[in-house]
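Peer 1: In the working numbering, the protein residues as written are 0 to 64. One structure, as structure tokens, below. Some questions next.
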């Protein structure tokens, strides 16, 4: 099952949004490190990547993973 990717716009111009999404990415990375099941770990890393895409812009636009 492949997750569908939607183009995301960066929130680079809004410091409050940047802080929020960076914190959410950090939370997901912590959860990934604490998870015991490989699929749960992967899910948390995917979510962290999505939050970071919101901060820095998607590096995957136009590509399929």
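C-beta: ideal position from N, C-alpha, C; glycine also.
Would you check if there are 3 or more beta carbon pairs closer than 8 Å linking the segment 12-32 to the segment 42-50?
Peer 2: The segment 12-32 vs the segment 42-50: in contact.
Peer 1: If we count the other Cβ atoms within 10 Å of its Cβ and call it buried at 16 or more, is residue 53 buried or exposed?
Peer 2: Sequence index remark: in the chain shown, residue 53 carries index 54 (1-based). By the 10 Å Cβ count, residue 53 comes out buried.
Peer 1: Using the rule of at least 16 other Cβ atoms within 10 Å of the residue's Cβ for burial, across every protein chain shown, is residue 15 buried or exposed?
Peer 2: Translated into positions along the chain shown, residue 15 becomes position 16. Result: exposed.
Peer 1: Have a look at residue 48 and residue 37 and give me their C-alpha separation to the nearest angstrom.
Peer 2: Here residue 48 refers to the residue found at position 49 when the chain shown is read from its first residue. Here residue 37 refers to the residue found at position 38 when the chain shown is read from its first residue. Near 17 Å, if we compare the C-alpha coordinates of residue 37 and residue 48.
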